[in-house]
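Take a look at the structure set out below.
Protein chains: 2
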Amino acid sequence: MASKKLSDIEIQQQLANLPDWTLRDGKLYRAIRFVNFSAAFSFMTQVALIAEKADHHPEWFNVYNRLEIWLTTHDADGISAKDIALAQAIDALLA
Amino acid sequence: MASKKLSDIEIQQQLANLPDWTLRDGKLYRAIRFVNFSAAFSFMTQVALIAEKADHHPEWFNVYNRLEIWLTTHDADGISAKDIALAQAIDALLA
Numbered sequence: 004m005a006s007k008k009l010s011d012i013e014i015q016q017q018l019a020n021l022p023d024w025t026l027r028d029g030k031l032y033r034a035i036r037f038v039n040f041s042a043a044f045s046f047m048t049q050v051a052l053i054a055e056k057a058d059h060h061p062e063w064f065n066v067y068n069r070l071e072i073w074l075t076t077h078d079a080d081g082i083s084a085k086d087i088a089l090a091q092a093i094d095a096l097l098a
Numbered sequence: 004m005a006s007k008k009l010s011d012i013e014i015q016q017q018l019a020n021l022p023d024w025t026l027r028d029g030k031l032y033r034a035i036r037f038v039n040f041s042a043a044f045s046f047m048t049q050v051a052l053i054a055e056k057a058d059h060h061p062e063w064f065n066v067y068n069r070l071e072i073w074l075t076t077h078d079a080d081g082i083s084a085k086d087i088a089l090a091q092a093i094d095a096l097l098a
């Protein structure tokens, strides 16, 4: 299913409800720090299962207890509702 | 246990036996492409268990089926035997 790119206004509206996310390089971005690698990778595993189920995957960088996540939709050449949904799911895991 | 930084000559000697690894930004670097995200993340999980057991962790970036890995030893401010061992373990998983 193709995803529609959100407009700048739509993205700003969504970001109002995602206070831990910012725009970076045109992607939704969040950095998270955990207590150690085990906690970070355990979290990544939970996100991986959600991402695989949704067939929508993050770009992410990890070193030890630090994780950086960028969300974008390549098909849409921008941020789509899929990215908002994944950001919300990631926040819910951390709540 | 503190790790000793390898000399440039020692690193070059080790790289001779690690043909899929290069030096990038002073770190051991390897990029790997898998068939899909599931394969990539399954591999990351195997590496995570090895890394946690060795208490020596990679820097890595993943998007979908692509994985990039950088190995360095922060304590040693360079590449140590721990990085060589982790690179060898990663290669063994892929063999």
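Residue numbers (my numbering), protein chains in the order written: chain A, 4 to 98; chain B, 4 to 98.
By construction, the Cβ of each residue, glycine as well, lies at the ideal position given by its N, Cα and C atoms.
Check: Which full runs of the beta strand (DSSP E) of 3+ residues lie inside the region 7-66 of chain A, going along the chain?; Outcome: 25-27, 30-36 and 62-66
Check: Would you kindly work out how many angstroms separate the C-alpha atoms of V50/A and A98/A, rounded to a whole number?; Outcome: 14 Å
Check: Kindly confirm or deny that the region 32-49 of chain A and the region 75-88 of chain A touch, where touching means at least three C-beta pairs closer than 8 Å.; Outcome: no
Check: Indicate the three-state DSSP secondary structure (helix, strand or coil) for I1/B in the structure shown.; Outcome: Because chain B spans 4 through 98 in this model, residue 1/B falls outside it and cannot be assessed.
Check: If contact is defined by three or more beta carbon pairs under 8 Å, each pair taking one atom from either stretch, is the region 58-69 of chain A in contact with the region 59-69 of chain B?; Outcome: yes
Check: Among K85/A, A19/A, I93/A and D58/A, which one has its Cα closest to the Cα of E71/A?; Outcome: I93/A
Check: For E55/A, I'd like the list of residues in its chain whose CB is within less than 6 Å of its CB, leaving aside the five on either flank, ordered along the chain.; Outcome: none
Check: For the region 82-96 of chain A against the region 11-28 of chain A, do three or more pairs of beta-carbon atoms, one drawn from each stretch, fall closer than 8 Å, so that the two count as touching?; Outcome: yes
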